[in-house]
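Numbering (the numbering used here), first residue to last: 170 to 477. From the three backbone atoms N, C-alpha and C, an ideal C-beta is built for every residue, glycine too. Notes for the one structure printed next.
Here it is, written out as structure tokens:
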């Protein structure tokens, strides 16, 4: 698929699928063994992927993504990409209530590591720019192409159904999107005191700005989603400001994720970069501090462990 076609799909819909992006030789067995035994951090993320096993995947990305970004007019760091893996565990259980309710935490937890509707949090907390940012998902272990996929609300659909929402999420992250349900109505009352709430209403949950709990949106995300079915080796590439979620945890799935970072993204893998964000931490919004504190603690443990 030519880079110009990928760029056109990203500009119109916010996402594109490239079938067979990775070949059989691009996913070594040693990488799969590492991923199957690796300890995940947060939200199913596996970090520190073995460099030797990632060379061919990285070469595919380097040969494709910079040209796509250039065709879109995005300012990305063409010489560095962020890599991790995302693991979903098969589970057919229903989401469970998280009691007692805390207005800052989701009222329900999903099984298997599945994530509900959102715009990514950590990438936005760390870099603050989802306009010049692309996310790539490549399944490397996935027994069924019909299961454990990513659901998306296309950018042009959002623009048509709720122009105000579309305007507010351009270049944004750190947002959740939730529907008021009978068993979560009390949670919404905590989060939106005084709001005239009704079961079936949808809300954007603001996770960056302390002054705003969020706002009501104008349509049902579930009724307008698209779910590309991905097989091993396929590429799903999407803009970071496109609303998405884990569609289901119907099978075990491991995907390699590549983040094309903004050109001005700080080098958080360096001591200078880590010191910089640590010094800014006390001046961040309360919501932002709440969300990155565990990540920051982990990064310092890793840094001190290497120098000990």
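Just so you know, the alpha carbons of residue 342 and residue 290 end up roughly 6 Å apart. Secondary structure of residue 346 (DSSP, three-state): strand. Annotated three-state conformation of residue 385 is strand, per DSSP.
For the 8 Å CB-CB criterion, residue 309 and residue 390 do not form a contact. The DSSP-derived three-state label of residue 391 is helix. A residue is called buried when at least 16 other Cβ atoms come within 10 angstroms of its Cβ; residue 311 meets this threshold and is buried. Taking 8 Å as the upper bound for CB-CB distance, residue 176 and residue 231 are not in contact here, some 16 Å apart.
Cβ atoms of residue 270 and residue 430 stay farther apart than 8 Å, at about 36 Å. Taking the C-beta atoms as reference points, residue 368 is found nearer than 8 Å to residue 350.
In chain order, 390, 393, 394 and 412 place their CB closer than 7 Å to the CB of residue 322, counting only its own chain and leaving out the 5 sequence neighbours on each side.
Under DSSP, residue 429 takes part in a beta bridge, and its partners are 250 and 303. Contact between the region 189-209 and the region 219-227 is present: 3 or more CB-CB pairs across the two stretches fall below 8 Å. Taken through DSSP and simplified to helix, strand or coil, residue 424 comes out as strand.
A Cβ-Cβ separation of about 6 Å places residue 410 in contact with residue 288 under the 8 Å criterion. Burial is judged here by how many other beta carbons sit within 10 angstroms of a residue's own beta carbon; residue 220 has fewer than 16 and is exposed. Counted as a single uninterrupted DSSP element, the beta strand (DSSP E) harbouring residue 319 occupies residues 319-321. In this structure, the CA atom of residue 445 is about 27 Å from the CA atom of residue 305. Annotation: the continuous alpha helix (DSSP H) that includes residue 338 extends over 332-338. The DSSP-derived three-state label of residue 255 is strand.
Taken through DSSP and simplified to helix, strand or coil, residue 286 comes out as coil.
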